[in-house]
Amino acid sequence: MGAWVLAGFPEEKPMVEAAGKLRGEGYTLELFTPFPSPDGYEVLPGPSMVPLFTLCGGVAGVCIGFFFQWWANAFNFPIIVGGRPFFSIPTYVPICFECMVLLASFSGLYCFFIACRLPKLDHPLAGSELFARHTIDRFVLAVRWERETPSDPLEQRLHALGAAELDPVRDS
Amino acid sequence: MEPQATGTAKSDALIEGEQSNLSLHQSLLRPVWQPPGIRFWALMGPATVLTGIYFYSAFLTVTRGIGEWGNHIPVAWAFGIVNFVWWIGIGHAGTLISAILLLFLQKWRTSINRIAEAMTIFAVMCAGTFPLLHLGRPWYFYWLLPYPDTMHVWPQFKSPLTWDVFAVSTYLIVSIIFWYVGMVPDLAALRDSSPKKYQRALYGALSLGWRGSTHNWRQYQSVYLLLAGLATPLVLSVHTIVSFDFAVSILPGWHETVFPPYFVAGALHSGFAMVLMLVIPVRWALRLEHVITGRHLSALAKLAIATSWLVGYGYAMEHFINRYGGDQYDVHEYAARVTGHYAWIWALMITCNVLVPQFFWSKKLRHNTWFLWFAALLINVGMWCERFVIVVLSLYQDFIPSHWRDYAPRLVDLGLFFGSMGLFTLLFLLFLRYLPPVPVSDMKELHHELKKEAA
Amino acid sequence: MVSPTKTCGCESELVPLRVGPLSRRRFLQILGAAGVAGLPGCYRPPPDPVAPYARMPEGVTPGNAQHYASALAFDGVTTGVVVTAYEGRPTKIEGNTLHPASLGATGAWEQAALIDLYDPARLTSVGLGRGGIGRAEFLEHMRALAKRHEPDGGAGLHLLLAPSSSPSVGATLERLRARFPKSTSHTYRPLDRSAGLRAARTATGKLLATRAHLDRADVVVALDSDFMSFGPERLRLSHEWADRRTVAKSMNRLYVAETQVSLMGAMADARLPAKPSELPRIASELLRAVAGALGASTPAELRALPAANPPLPEFARAFVQASARDLVAHRGRAVVLANESADETVQLAAFALNQLLAGAAVELLPPVELEPLAGPGALTDLVEAIGRGEVKTLLCTAFDPVYTGPADLGVRDALAKVPELIQLAHLADETTAVAGVRVPRSHPLESWGDVRAFDGTVSLVQPLIAPLYDSFTELELLSTLADDVGHTGYALLRGLWQPKLGAEFESRWRVALQDGLLAGSANAPVAPNVDWAAVAGALSRPLPPPPEGLELHLAEDRKIRTGEFTHNPWLQECPDALTQLAWDNALLLNPKTANSLGLELASMVELSVDGKKVVAPVMPMPGQAEGAVTVHLGYGHTIAANANERVVGFNAFQVRTRRAASGPVAATLRKLEGGYRFGLIQIEGSDQGRPISVEVEASELPEKLADLAHLRQEHPVIFPRYAYPGYRWAMAIDLSRCIGCQACVVACRAENNVPIVGRDEVMRGREMHWLRVDRYFAGDVSAPHVRFHPLMCQHCEDAPCEYVCPVNATVHSDEGLNEMVYNRCIGTRYCSNNCPYKVRRFNFHAYADQTPSTEQLAYNPEVTVRSRGVMEKCSYCVQRIERVRIDREIAGEMIRDGDIQTACQQVCPTEAIKFGSLSDAEGVVSTLHADVRRYDLLGELNTFPRTAYLARLTNRAKGL
């Protein structure tokens, strides 16, 4: 049993500083912000697999597009059309390109969904009013608190670091 | 803060007035929460009627045949294709503004990209219906797709039309993805500020349960940037491929190597014009002057000047190559455009596309929203004329004089054309009603950055 | 289903042309290849007992065509034809190679006659008063009628007959006259075609017809005689003329003087537009000039002929001089044609000129009609008789006298006065409205009969199908009066010929049916002595003074004649060769004349002649004689059955008074408000100086041929081209031979089930002809140069239409055919845009569904009927190729040159179109493709068309 202590900041800067300090002290943190915060990335570094997936999608798209056109028009059912060669690479280019973009976009999108665990219709902190405001105007710092009783020192700490309001959320 | 009087938009700020995250949040989501006013219904009525006309015309076309249109031999393509190219062209500015300007770190794109993208999607939808209705046997449209059919015949991948199918459908899908991904955080914001439970449920579902954690934002930014990177060449490819429909043929007036860049330029031209036509009334009606400021409008106007020169170059090149090549069929075809009895359409095209935008050199006119709006309207008229000139005026007098024949649209043609505008308006109004017209989180971010810069 | 032998109800007698022994294997193959066209709807039981189709009759296979020889007559004189039938359903008419008037070809009329058989508007049963009666009652009615007339020898009995050359009709009429000695018969024909016979009578005392052999003529002068469009010899004459056009050395030269541009005028090497009143003077001037040039060798009387008064205009004199010089220079090999002219002076001069110049190129034959002098006059006599109250009963088999009769004669009122008017008619027309008894006329394809060709050759008419309706032939109807019991046509025919053919009757009868003609029945030429004094006398008589102002020129229509084909959709939709009008006629004026009157295309005028008026739209026509107003007869003809359909065109008979019918009269025009919309198939009349229909002047050969070089396929290609291993189907079209007669256009429609779109859709540019003959004017509007250009799919080896089709609906066969896959087509119409020849046609609506169910019986079962929304075009008659391939493969042979004839090639009277495989190096097509005159249409586009054109040779006259 434990709890998340949510600290709402009116501004990004104090939150990021607070996060930096607490992380130094070994706390488990997460930041919730109304818009992407590059400084936050530095406090909580992490990878993104999206670019790699997108690249693979794109490469696959080109290959599939090219192979299929060859197979359909030059191999599986070749028909004399306008006296043109059955296997004519220049005419394959546009569709290869489109397939590249399409598959790249889809794989990027799927990777994004998977990485963010979307769609996810509930969230452990969803009950907290403060938490709900992070999409509106609050910069919310969530600190993991492993002990039974909420600790005044941590709350005072957060107040000291500039948290406007606090909202502990116990694990259910 | 109160919206300033429309008519002029002097300021050069990207965000006007003293704003905070909360004020932005409230002002930008107001259109979704507040009940629609009389203005909304005043537009909704005619839009619905036109949409009805559109579907009735489509019904006639499908049940009675293409004979209901004005098309004939030799002018086997006319309004259907003209409207298709026109709409698809309009559908280009959206993705361009949001993708390319994003890559070029153009801050001013932020407040208008959502509207522009919505415009793109609805325009491409309208565009997409025309090639389908245009088929002699529309119910077999799926034969264009590569699927193993009973005849074991595949699509013919040498045909530009097959390329079109791939290009347009890809463009529509990717545009929708791009638009939706960009909207996810705002949907979450809607969810968390929805006054009613069902709204919370609705927007919660739409937002896919998005939470603004650092991890999520990281993934988000990376996918959004990549989509932008993919959409950029895609935009260029789509109208390039549309131009192949003409450039790949052997018809005088179609068989031109200048077409791909010329078409793309034309598409952007009409696209920016359309954005102007939409943004000007929207910022006024939805009281968004503080985020869509005079600076945005004049930036769009400047882009229009640039694109006007690009299309102007295209026209000049057509003229030059025609004279330089001197092929008798080309020469006649061009003469028929410029001096034939459809010459007025050609003249209208030149005036609206090349001359009208030159007024934007004047800062005063650039900041006069009324002028901007009418100029934009004219540009779209001009771009429609351009497509008419290319499609119809190349067909009606080609190689064999015995088959020359003039073209005139019939009622169903007009019904579909104006009806499609109604359909577009309808979809756009619904978008304004139920979705955030301006990207909220982006605006907050921009606001934040501007403050940083200021500090 | 019932075999044709059954349906015609006389099985022993119908003799198919080609009956091969038929193995079960072949039957199945053909079934598989052709597909059975089961159309039970076409079957109605014949009167005689029929056997069910349990055992297949010899030579009759479902899906397998049968061919029967028969004959079609226009104005009573015949063209021999071979009719194709499927399951007893006539579907196509071809020429009979054995027949002197056909030589294997047909014209547009013969082609289109088929659809008349299936006309939904046909009279279906005998009408009496308001109601109708059955066959038996009608026969009873006629018997009673005969009884009533017998006592006074048929004094009140009058016959108004159509022109005929049928021996059996003749015999029946004799029996009728024997039974009713006091009866009177008038033979009526709207236009007078007997002037030539009368001229011959003036010169020789005998009625004689002129038969020209144009293959023996180096110079042909045609005076007011469109020998390529009209007359029983038009096919043969065109053929003989064209045979002399392709080789520069042995080329003939054609001089033409006429009022409106005709086919022959378009073909002329020298053409003189002349007002009707000028033509007789031109003719006699020509005779004077020739007589003068020949000098002492001509009869003195001719040299003493008076000069034309008033004198001819300068350019006309130049024409006369030049043609006279040429005629004299080619004495013995020069012909003057006036076949169709109604002017006796022209005819007499022509007769005299031929006597002086033609030598072996012209023969004289006795006329073949029963009443050679038939003409409009007959009607006048009848109306007078009616006026005197002499006519108790009138039996009318002539074509619609009320509609075609002189405007100032009051035919309608007169006929309305006749107590008993019995009309034999195909459709309910103006006359039917006043006829008490209306008898449906049998179509030739459902009749027994006999008829003569221009040279007297007898053809037997045999039916291919039992009469669709309760109809009679003229022969059968006359028999109801001539014989106390009306016999069937078959019985009458056998009855007549049994004695004539003598002992081996049965065998000769069979052969006659098989060949379509009775061998050796042609008349022998006669060589009378000419009474030059009489000729000179007649020619010296002063001509009536030419009328003031505009002159009226009433002309038979090239398509629908004088209205006989009004209700024929195939001809109505086919464009007129020169006006390019479909479903319309127009008032033709020279553009200069039109300008001077402030008229332009489609402005409306009121045309008045002798107080008679008609409102007509104007069409300025280059080459029209200045000051002459040409209107085509036959339009504005109301068919009761289609009263709700719009009557197309205006009725020129409304201004055809007796004066107008007999000679040149003045016409006055009054401009009216408002305009008109023409159903124009071709709008642009100029070829813009493009190398489309190329010409070379014979005298400038061979240098000029260098100009053709760049029109041949010599351009590099950047990709490897497909090599065609087997047959390489190709076509060659010789523009020197094409006279623009439109026969191919109608034949193509008949063969390929090309749908009718109707007038409105034609005006919207949606006509469906797979093959069109384009017409281009060049040069001065008064003396324009006319070029014809047959244009169908060129079957390009590198076809632009193919690579733009997204669904592989138009693709190439490995024999080089550009194929349309109808069931794959989704109708993007991209192929049409990218076709530089614009020969593709699109089903904008479901045109085929609009075809009346009866007319659907005319469908060729071997050709798909196209649905809405698909593209279609010329297929090189692929069904014919496959049919021949099957036959050849069964025999284990290769397809030989000439095995395959496309529909357009088969009908062409001048053999302008040739089809075959380029793989056969000696084949006729290979030869023509190698010809010096060969060029590719738009070859510079690298389409590599399989159809090659041969440049037209012209042979301009010196000194003009």
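Those protein sequence lines, which keep their order, are chains X, S and F. Quick note: the first sequence uses the numbering used here, first residue 1, plus one each step. Quick note: the second sequence uses the numbering used here, first residue 1, plus one each step. Quick note: the third sequence uses the numbering used here, first residue 1, plus one each step. Beta carbons: idealized from backbone N, C-alpha and C, even for Gly.
Beta-carbon spacing of residue i, residue j below 8 Å
{"i": "residue 463 (chain F)", "j": "residue 477 (chain F)", "result": "no"}
{"i": "residue 962 (chain F)", "j": "residue 597 (chain F)", "result": "Outside the displayed range of chain F (1 to 960) lies residue 962 (chain F), so it cannot be described from this structure."}
{"i": "residue 218 (chain S)", "j": "residue 48 (chain X)", "result": "yes"}
{"i": "residue 435 (chain F)", "j": "residue 422 (chain F)", "result": "yes"}
{"i": "residue 626 (chain F)", "j": "residue 782 (chain F)", "result": "yes"}
{"i": "residue 253 (chain F)", "j": "residue 243 (chain F)", "result": "no"}
{"i": "residue 786 (chain F)", "j": "residue 768 (chain F)", "result": "no"}
{"i": "residue 266 (chain S)", "j": "residue 311 (chain S)", "result": "yes"}
{"i": "residue 110 (chain S)", "j": "residue 446 (chain S)", "result": "yes"}
{"i": "residue 328 (chain S)", "j": "residue 690 (chain F)", "result": "yes"}
{"i": "residue 170 (chain X)", "j": "residue 27 (chain X)", "result": "no"}
{"i": "residue 335 (chain F)", "j": "residue 368 (chain F)", "result": "no"}
{"i": "residue 910 (chain F)", "j": "residue 737 (chain F)", "result": "yes"}
Where the alpha helix (DSSP H) containing residue i begins and where it ends
{"i": "residue 109 (chain F)", "result": "108–117"}
{"i": "residue 158 (chain F)", "result": "Per DSSP, residue 158 (chain F) belongs to no alpha helix (DSSP H); it is in the beta strand (DSSP E), 157–161."}
{"i": "residue 425 (chain S)", "result": "411–434"}
{"i": "residue 573 (chain F)", "result": "569–573"}
{"i": "residue 241 (chain F)", "result": "234–242"}
{"i": "residue 197 (chain S)", "result": "197–206"}
Residue interval of the beta strand (DSSP E) (run including residue i)
{"i": "residue 818 (chain F)", "result": "818–820"}
Where residue i falls: helix, strand or coil (DSSP)
{"i": "residue 637 (chain F)", "result": "coil"}
{"i": "residue 317 (chain F)", "result": "helix"}
{"i": "residue 631 (chain F)", "result": "strand"}
{"i": "residue 171 (chain S)", "result": "helix"}
{"i": "residue 334 (chain F)", "result": "strand"}
{"i": "residue 105 (chain X)", "result": "helix"}
{"i": "residue 410 (chain F)", "result": "coil"}
{"i": "residue 365 (chain S)", "result": "helix"}
{"i": "residue 895 (chain F)", "result": "coil"}
{"i": "residue 186 (chain F)", "result": "strand"}
{"i": "residue 220 (chain S)", "result": "helix"}
{"i": "residue 396 (chain F)", "result": "strand"}
Distance cut-off 7 Å: residue i Cβ against heavy atoms of the ligand ZN
{"i": "residue 279 (chain S)", "result": "The ligand ZN is not part of this structure, which contains no ligands at all."}
Do the segment 179–191 of chain S and the segment 139–157 of chain S make contact, defined as three or more Cβ pairs closer than 8 Å? Too few Cβ pairs lie closer than 8 Å, so no.
When Cβ atoms are compared, which residues of the segment 553–575 of chain F fall closer than 8 Å to chain S? none
Within the chosen definition, does the segment 313–329 of chain S reach the segment 252–266 of chain S through at least 3 CB pairs nearer than 8 Å? Yes: the two stretches touch, three or more of their Cβ pairs being nearer than 8 Å.
Quick test of the definition: if touching needs 3 or more C-beta pairs under 8 Å, does the segment 163–170 of chain S touch the segment 394–411 of chain S? no
Would the segment 369–386 of chain F and the segment 221–235 of chain F be scored as touching if the rule is three or more Cβ pairs under 8 Å? Contact between the segment 369–386 of chain F and the segment 221–235 of chain F is absent: fewer than three C-beta pairs spanning the two stretches fall below 8 Å.
Taking a Cβ distance cut-off of 8 Å, strictly less, list which residues of the segment 718–738 of chain F are near chain X, in chain order. 719, 720, 721 and 722
Are there three or more Cβ pairs, one per stretch, closer than 8 Å when the segment 263–280 of chain F is compared with the segment 309–316 of chain F? yes
Are at least three pairs of beta-carbons, each pair with one atom in the segment 446–466 of chain F and one in the segment 83–102 of chain F, less than 8 Å apart? yes
Per the contact definition of three or more C-beta pairs closer than 8 Å, is the segment 279–287 of chain S in contact with the segment 322–336 of chain S? no
Is the segment 437–445 of chain S touching the segment 27–36 of chain X, taking contact as three or more C-beta pairs under 8 Å? yes
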